[in-house]
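> Here the numbering used here is used: the first residue of the sequence shown is 52, the next is one more, and so on.
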Amino acid sequence: MHHATARSAIARILAGSGFGVQAIALVHAVRLHEDASCPAELGGAILERCLTLPGDTASPYTHPLNQLAAPGDASGLCQQLIPAIIAQRGDPGLAIASLEALSALWPHAGADERPLLRTRLLDSLGAARVPEESALTTFQLRDWQKRVPTHYGVQTPSVASLRGLLNAPDALAAYLLLAEHLGMTVELETLCWVFGSISIQVMHTRHDRAGHLVHALQGAASCERLVPTLPAESLVTVISQLTHRLWWLHAKSGLHRVRLSIDQTQRPYRQAVLTGDITLAQRAARVSAQDAQRFWSETWHLVSELGLPRADELPRLLALLDSARWRADDGAVVADDAAAIAANLTDLAYRSNAAR
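The structure is reproduced here in C-alpha cells:
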C-alpha cells in the first residue's frame with residue numbers, strides 16, 4: 052500500500068467517529084487504485100469517491116484495551132485486538148474485516164494517530180449488534196466443541212465437502228460439519244478460501260442489498276490475509292463464528308431468492324449485464340472469466356459505464372472487486388467470483404434503468 056494514499060484514507064477515517072463499512076471500503080479503494088489491472092482514471096475516481104463519502108459513526112465506548120499502549124506494528128495490533136473481535140456481538144465478518152483493514156493502514160499511521168484509530172474500531176465493535184441467534188459466542192462454541200467426536204478433523208477443506216453446512220438442519224449440525232475439517236494439519240489459507248467460495252455461492256441465489264453475505268466474504272478474505280499474523284486457534288474461532296453466521300443467513304434470515312431466468316441464450320458479458328437479468332449475466336461472466344484479461348477489461352468498462360453507485364451500494368461493489376482480485380492470486384479469475392460481480396453490476400444496471 053502506497054504511503055500517500057494510505058495517509059489520505061487515515062485522515063478521512065479520523066474525521067469520523069467509527070471504523071466500519073466505510074473505512075473498509077476506503078482500504079478496498081486504495082488497493083484497487085494501486086491495482087495494475089484497474090485503469091488509472093477509474094481507480095482514481097473510486098478512491099476520490101470514497102474519500103468524499105460520510106465516515107463511519109459510533110458512540111464512545113470504554114474498553115480496557117484503550118488503556119494499553121498502541122502496538123508498534125500490525126502484527127502486535129492484531130494480536131492485541133483479536134480477543135475483542137471474538138467477543139464482540141456484531142457481524143463477525145465485518146469485525147475481522149475491520150481489523151484487517153486497520154492492520155493494513157497501521158504502518159502508515161503516526162504514533163499519535165494509532166490510539167485514535169484503535170479507539171474508533173473498538174467504539175464500532177461496542178456498538179455492533181446482530182440478532183442473538185445469528186451470533187456464536189465463545190461460551191456456546193466451547194459447549195459445541197465438547198460434542199465433537201474424537202475421530203473428527205481428518206477431512207481436507209473443499210467446496211464440495213463444506214457446502215453441505217448450508218443445508219444443515221440446525222446450527223450445531225453445521226458446526227459439526229465444519230469441525231470435520233479442523234484437524235491439527237488443516238491449511239487455514241485453504242479453509243478461508245473455501246469458506247469465501249461458499250459465501251459467494253450463496254450470493255448467486257440470494258439478494259444481498261444489505262451486504263450481509265458480502266461481509267461473510269470479506270471476513271473470509273480477511274482471515275486468509277491474517278493467517279501469517281494471528282494464532283491458529285483465534286482464526287479457527289473466527290471461522291467458526293463466520294460459519295454460524297452464514298448458516299443463519301442462508302437458513303433463517305429470509306433473504307429473497309434470485310429469480311432464475313427463462314432466457315437460456317448466451318450473450319456477451321456487457322450486453323447480459325445491461326439486460327438486468329441476473330442469471331443471464333452470471334452465465335455470461337463465467338464464459339468471460341475463462342480469459343482473465345478480457346474479463347477484467349470488460350468489468351472495469353462496465354463499472355465506468357454504469358457509474359459509481361450510491362454511498363450505501365459502493366462498499367459492496369468494492370468488496371467484491373477487491374476480494375476477487377485477492378482470490379485470483381495466480382492470475383486466473385474464479386468463475387463463481389466473476390458471477391457474483393456480474394450479479395452486483397446487473398442489479399445496479401436494473402435499478403438504474405428503473406429509476407429513469
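The beta carbon of each residue, even a glycine, is placed where N, CA and C say it ideally should be.
With DSSP collapsed to three states, give me the class of arginine 257.
Strand.
> Put arginine 58 into one of helix, strand or coil per three-state DSSP.
Residue state, collapsed to three classes: helix.
> Let me confirm a value: phenylalanine 246 is counted as buried when at least 16 other C-beta atoms fall within 10 Å, else exposed. Which label applies?
Buried is the call here.
> Determine the closest residue to aspartate 163 out of Ala225, Gln322, Leu65, Thr201, with distance taken between C-alpha atoms.
With distances taken between Cα atoms, aspartate 163 lies closest to Leu65.
> Among residues of its own chain, excluding the 5 on either side of arginine 169, which ones have a beta-carbon nearer than 8 Å to its beta-carbon?
Here the set comprises Leu116, Asn117, Ala121, Leu128, Leu132, Leu153.
> Return yes when the Cβ of serine 209 is within less than 9 Å of the Cβ of leucine 172, no when it is not.
The answer is no: Cβ separation not under 9 Å.
> Quick one: using the 10 Å Cβ neighbour count with 16 as the cut-off for buried, is isoleucine 147 buried or exposed?
The residue is buried, with at least 16 neighbouring Cβ atoms inside 10 Å.
> Between asparagine 395 and arginine 367, is the Cβ-Cβ spacing less than 9 Å?
Their beta carbons are under 9 Å apart, which means asparagine 395 touches arginine 367 by this criterion.
> Could you tell me which whole alpha helix (DSSP H) segments of length 4 or greater appear in the stretch 173-255?
Here the runs fully enclosed are 189-196, 210-213, 222-230.
> So, using beta-carbon positions, are threonine 280 and glycine 327 closer together than 9 Å?
Against a cut-off of 9 Å, the Cβ pair of glycine 327 and threonine 280 comes out as no contact.
> With a CB to CB cut of under 7 Å and the five nearest residues on each side skipped, what residues in its chain are close to leucine 264?
For leucine 264, where only same-chain residues beyond five positions count, the Cβ hits under 7 Å are Ser250, Val253, Met254, Arg257, Leu300.
> Please check the pair glutamine 269 and alanine 155, which I expect to be a contact at CB under 8 Å, by giving their CB distance rounded to whole angstroms.
Actually they are not in contact, since the Cβ atoms of glutamine 269 and alanine 155 sit about 13 Å apart, beyond 8 Å.
> Less than 7 Å between C-beta atoms, sequence neighbours within five positions excluded: which residues of the same chain meet that for proline 90?
Same-chain partners within the cutoff: Trp351.
> Examine the Cβ distances between the stretch 230-246 and the stretch 206-221 and report whether three or more of them are shorter than 8 Å.
Because the criterion of three Cβ pairs below 8 Å is met, the stretch 230-246 and the stretch 206-221 touch.
> Would you kindly check if the distance between the Cβ of histidine 295 and the Cβ of serine 185 is under 9 Å?
A contact, by the Cβ cut-off of 9 Å.
> Pick helix, strand or coil for arginine 337, following the three-state DSSP scheme.
Note: arginine 337 maps to helix in three-state DSSP.
> Ignoring anything shorter than 4 residues, give me the alpha helix (DSSP H) runs that lie fully in the stretch 124-170, in order along the chain.
As far as the stretch 124-170 is concerned, its whole alpha helix (DSSP H) runs of at least 4 residues are 125-138, 143-156.
> Is it the case that the Cβ atoms of alanine 390 and arginine 337 are separated by a distance below 9 Å?
Taking 9 Å as the Cβ cut-off, alanine 390 and arginine 337 qualify as a contacting pair.
> In whole angstroms, what is the alpha-carbon distance linking proline 319 and alanine 386?
Looking at the two C-alpha atoms, the distance is approximately 15 Å.
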